[in-house]
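Q: My questions will all concern the structure given below.
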Amino acid sequence: MSEQSKWERIYSVVKQIPSGQVATYGQIATLAGYYRQARQVGYALHAVPSDDIPWHRVINAQGKISLNLEMGGAVQRKMLESEGVIFSSAGIISLREFRWEPAIDPLES
DNA sequence: GGTCTGACTAGGT
DNA sequence: AACCTAGCCAGAC
């Protein structure tokens, strides 16, 4: 499988994250059929080709933003907050409250 | 070609 | 809670 179609599969899952919800890198990897390849999800999002992919709704497993502030972390937080996602004083999002839990397999939809 | 890096994670100590 | 390790693999050099 080429890396192109692999990334596109990752993107197709990310596109299905609803506004106001978030997913973790590992969750996207698993949903796309690439269990344990969370790093590749991060890499794919780093090179995100267009702005119709809600890359900002992907965070790490600790509920935190993985970018440095200068890499766009501040922008990501602002976009999430504008969608209604709440950050704690420590900058942590409650995954229990905001994590996306797809009812159907994203690859089948 | 080998080696290193990294928007990561799960499991163990 | 903090730290370590193995697993993953596309680029950059």
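Anchor point for the first sequence: position 42 equals 27 in our numbering, and the numbering is continuous, going up by one each time.
Just so it is clear, CB atoms sit at the ideal spot from N, CA and C, and this is done for glycine as well.
On the criterion of 16 or more Cβ atoms from any shown chain inside 10 Å, does F83 qualify as buried, or is it exposed?
A: Stepping through the first sequence from its first residue, residue 83 is reached at position 98. Buried: at least 16 other Cβ atoms inside 10 Å.
Q: Could you tell me which residues DSSP puts in a beta bridge with I44?
A: Within the first sequence, residue 44 is the residue found at index 59, counting from 1. Paired residue(s): T9.
Q: Which residue comes first and which comes last in the alpha helix (DSSP H) that contains A32?
A: In the first sequence, the residue the question calls residue 32 occupies position 47. Membership of A32 in any alpha helix (DSSP H) is not indicated, and neither H nor E is assigned to it by DSSP.
Q: Can you have a look at I103 and say buried or exposed, based on whether 16 or more other CB atoms are within 10 angstroms of its CB?
A: Past the boundaries of the shown model lies residue 103; the chain is included only from -14 to 94, so the question cannot be answered.
Q: How about A17 and R(-6): do their beta carbons lie closer than 8 Å?
A: As a position in the first sequence, residue 17 is number 32, starting the count at 1. As a position in the first sequence, residue -6 is number 9, starting the count at 1. Cβ atoms of A17 and R(-6): closer than 8 Å.
Q: From the DSSP output, in three-state form, read off I78 for me.
A: Along the first sequence, read from residue 1 onward, the residue named residue 78 stands at position 93. In this structure, I78 counts as strand in the three-state DSSP scheme.
Q: Alpha carbon to alpha carbon, how far is S35 from G48?
A: Within the first sequence, the letter at position 50 stands for residue 35. Within the first sequence, the letter at position 63 stands for residue 48. Straight-line Cα distance between these residues: approximately 25 Å.
Q: In angstroms with no decimal places, state the Cα-to-Cα distance between E(-12) and A14.
A: Stepping through the first sequence from its first residue, residue -12 is reached at position 3. Stepping through the first sequence from its first residue, residue 14 is reached at position 29. Because E(-12) carries a pLDDT of 47, less than 50, the predicted location of this residue cannot be relied on, and no value is offered for it.
Q: From what residue to what residue does the alpha helix (DSSP H) around K63 run?
A: As a working note, residue 63 is residue 78 in the first sequence. Taken as a continuous stretch (DSSP letters only), the alpha helix (DSSP H) holding K63 covers G58 to S67.
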